[in-house]
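So the sequence lines, in the order shown, correspond to chains A and B.
In our numbering, each residue carries its 1-based index in the first sequence increased by 171.
In our numbering, each residue carries its 1-based index in the second sequence increased by 138.
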Amino acid sequence: MYKRLVGSFCVVLLVLFTFSTILVGSVFAAEEVTINVWAWPGAVEEGQSVLSGFNKLYPNIKVNFVKMAFNDVHQKLQITLAAGSGAPDVCWVEGAQIQKFIQYGGLLDVTESVSELKKDFIEYKTAEASDVNGRIYAFPNDIGPVVLYYNRDIFSKYAIKPPTTWSEFILSGRKLKAQGISMLHLPKLGDSSFLNILIQQAGGSLFNQAGKATFNTPQVLEGIKTYLDIYRSGIGADVARDWSPAMWDSLRSGNVATYIEALWMINVFPDYMKTPEQGFGKWRAAYLPLLSKDKVTGANNGGSNLVIPAQTKNKEAALAFCKYSATSIEGQRFRAAFGVVPATISALKDQQIVDKEYSFFGGQKVMGLALEAARRVLPTYFRPAAYSEATTVLTNELPKLMRGEMTAKQFVAYIQSKFEDIVKKY
Amino acid sequence: MHIWKEIKKNKMSYIFISPFYILFSIFGLYPLLYGIKLSFYDWHGIGPWKYIGFENYSSLFKDELFKVSLENTVYFWFTTAIPLTILGLLIAFILNNESLKFRGTFRTIYILPYVTSTIIVGIVFLSLYDQNYGWINLLLKKLGFEPVQWLTSVHWSKPSIVGLVLWKWIGYNMVIMLGGLQGIPRELYEAAKIDGASSFKSFTSITVPLMRPTIIFCMILSTIGTFNMFEEPYILTKGGPEYSSTTLGIYLYNTAFQYGRFGYGASLAIVVSIMIILTSFLQRAIIKEVY
């Protein structure tokens, strides 16, 4: 009798257990979700590279990529956020525009999700994706630490080592100028992009995180003075860094020996310098020269983030995708192979990424520079909604400084007042 | 009641012309009214609209960059709209001459720039105008002259754009003028010839007065085109250097779509539209008065 009772009890327990497993499993298995992800060409491929790993963990989440032109992604995101409907579940957003979207609202607060991973993200990247209260609205995807690209053949020919400071850069530039070679592109009308790199290095910013104009500061003044020192040394070529045929010709022909830009240029150079005669294999990368040996700082230009519009109906699935895409090592290795610099410390230390040899750079393991170059970037440069108009003003007013119509101090005060007028409109 | 009776009587006609008016209402009238409403608000593309009354308009008239872009646009009007009309008429007059050989070929050559994409033309002109490698400067160097900073000098940026605009649009004006010329009875010229009139006299006393409606049409189109000018300066100079080639079109585009200031951009668009309307009426009145 006792044995029968125990046996019956076991059978009942087994049946109950089986049913509950089926019930629980069916709840998860039945909830198939499709999320829409908007991205530009290149970014779509990055997202697709993580799908096989992502779907192993989340077989019920289907990811539908919608590829559109870079500008269209941002414009359509803006329109759909304004309309309150039609936005994707996840969207790629350029680093320079993320703060505009944060300022105007419409994005999901992802602070808790990003905070779990924050230790692994490059510091300035999470700062870029935060508001003044420290709430985070995007997952860092990739970064753009600025480095110095130099023509190794020219440097070797004239016994020049990659300069470690801007003073050394100027001295090397003078040596080359004596041979009829310019050290960099530095047009007479000015280069506001290069100026912004130097301002970042000095710890300055056009605006603070609250959107207040901060041009009239000692840091910005230091950046401007360094810029003027380089310009007035006469080592520059009067050619704009605008990817025009003239610019590329100057690099291909060896008339200009260096190019200062973010690491994502790894992906761009080979398109314009395809053969050894044009420079393929002759270029190398080095850290951005420092303002001084005791001020080890760098700059960032570019990068992107993943955002989730607050109107999404698939919040959990979108969060899962963003977390995975931003941190999966296979995704980050895929990015790095194409010169897109991952935004996590672990990826930038990954041997496969660090040891990859780039044939354009004669086999140099260029990505090995990324971690240190990124660590040097101060988390003090912000691009609020007024940034776009401000950079247009800076570009158009910079010639006044270049012609010597104003001193550096007068210029910062002048631009500060212009920026204050602009801020009032936003 | 009478109107409804008329409409009912001719309902088939109204049905046939209704698609245009329906589409115009959706894609023309509605956006226009939406834009007028938006011009009284502060809005940045996301978030709520904030009513500010006429503040956008009062800011516009104090805006230095609006004044600069208006001056640049007026410069372009004088240097493109007027020459295009005059040259279009002269070239059409020459090409209308029956004794001219290969007229068809010449007409095709003149119209080709108009049918070519502005983007492609702009890219080609970017290369032509390049300071270091452009053909124009290479030719100047060969002739012993100093190269010119066509696109990076505040003095040359506008003339460079004028060169592109004249090259691209002369054919368009020529075709319109040619159509008008072919409507003038030949007998008038024959009669004038018999009376001893010279070609110049025929041109000024017969051609120009009878071409008045066509000239007005061309001038109005050129005025609209100039006030909306965007592609040519944007491709060549992006409105620089130092705002020297920023037109109202570029300023409007930057304000609304680059900076996201849609309310202010809407007020700018309304003001530009009013300027175009007033200028068109003024031109019509002047040309009618002179001829």
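Even for Gly, the Cβ is constructed at its ideal location relative to N, Cα and C.
| Asked | Found |
| --- | --- |
| The alpha helix (DSSP H) enclosing A:Phe340, as first and last residue numbers | Trp337 to Lys348 |
| Cβ contact check for the segment 413-429 of chain A and the segment 381-395 of chain A: 3 or more pairs under 8 Å | no |
| Proximity test, Cβ basis, 8 Å: B:His182 and chain A | yes |
| Contacts that A:Lys605 makes with chain B (C-beta to C-beta distance below 7 Å) | Given a span of 172 to 597 for chain A in the structure shown, any question on residue 605 of chain A remains unanswerable. |
| Proximity test, Cβ basis, 8 Å: B:Ser265 and chain A | yes |
| Proximal residues of chain B, C-beta to C-beta of A:Thr566 below 8 Å | Gly378 |
| With 16 other Cβ atoms within 10 Å as the buried cut-off, status of B:Phe154 | exposed |
| Classification of A:Gly502 by the beta-carbon crowding that lies within 10 angstroms, buried from 16 upward | buried |
| A:Arg547 - DSSP class collapsed to helix/strand/coil | coil |
| Residue range of the unbroken beta strand (DSSP E) whose run includes A:Ala210 | Val204 to Ala210 |
| Range covered by the beta strand (DSSP E) that runs through A:Asp413 | Premise fails: A:Asp413 is in no beta strand (DSSP E) and is neither H nor E. |
| Whole-number beta carbon distance between B:Thr352 and B:Ser418, since they are thought to touch under 8 Å | At roughly 15 Å, the Cβ-Cβ gap does not stay under 8 Å, so B:Ser418 and B:Thr352 are not in contact. |
| Cutoff 7 Å; reference A:Lys536; Cβ partners in own chain excluding five residues on either side | Val525, Asp526, Lys527 and Glu528 |
| Residue interval of the beta strand (DSSP E) (run including A:Pro358) | No beta strand (DSSP E) holds A:Pro358; DSSP gives it neither H nor E. |
| Distance, A:Lys359 Cα to A:Arg603 Cα | For residue 603 of chain A there is no data in the structure shown, the boundaries of chain A being 172 and 597. |
| Residues bridged to A:Arg455 [DSSP beta-bridge criterion] | A:Tyr321 |
| Chain-ordered neighbours of B:Thr290 on chain A, where CB pairs are closer than 9 Å | Pro358, Lys359, Leu360, Asp409 and Ala411 |
| Neighbour flag for A:Leu422 against chain B, beta carbons, 8 Å | no |
| Distance CB(B:Leu374)-CB(B:Leu276) smaller than 8 Å | no |
| Own chain, CB closer than 7 Å to B:Leu386, minus 5 neighbours either side, in chain order | Ser207, Leu208, Thr211, Phe365 and Val410 |
| Reduced DSSP secondary structure (H/G/I, E/B, other) of B:Ile322 | coil |
| Of the listed residues B:Ser298, B:Leu228 and B:Ile388, nearest to B:Met315 (C-alpha basis) | B:Leu228 |
| Rounded straight-line distance, which links the Cα of A:Ala545 to that of A:Asp280 | 25 Å |
| Other residues of its chain near B:Leu278: CB distance less than 8 Å, five sequence neighbours each side excluded | Glu284, Pro285 and Val286 |
| Cutoff 8 Å; reference B:Pro221; Cβ partners in own chain excluding five residues on either side | Leu304 |
| Proximal chain B residues relative to A:Thr563, where beta-carbon distance stays under 7 Å | Asn392 |
| CA-to-CA distance, A:Glu202 to A:Thr192, given in whole angstroms | Confidence is the limiting factor: at A:Thr192 the pLDDT is only 49, short of 50, which leaves the residue's position unreliable and the question unanswerable from this model. |
| Test item: CB-CB of A:Ile206 and A:Ala488 under 8 Å | yes |
| Proximal chain A residues relative to B:Gln320, where beta-carbon distance stays under 9 Å | By Cβ distance, chain A contributes nothing, its closest Cβ being about 44 Å from B:Gln320, past 9 Å. |
| Residue range of the unbroken alpha helix (DSSP H) whose run includes A:Leu572 | Tyr558 to Met573 |
| Extent of the continuous alpha helix (DSSP H) to which A:Glu501 belongs | Ile500 to Ala508 |
| Cβ distance (whole Å) where A:Ala309 is taken to contact A:Leu477 below 8 Å | 6 Å |
| Beta-carbon neighbours of A:Tyr443, restricted to chain E and to distances below 8 Å | Absence of chain E from the displayed structure is noted, the protein chains being A and B. |
| Secondary structure of A:Ala214, DSSP reduced to three states | helix |
| Interface flag, A:Ala253 vs chain B, CB-CB below 8 Å | yes |
| Nonlocal neighbours in the same chain, by C-beta distance under 7 Å from B:Leu326, ignoring five residues either side | Ile344 |
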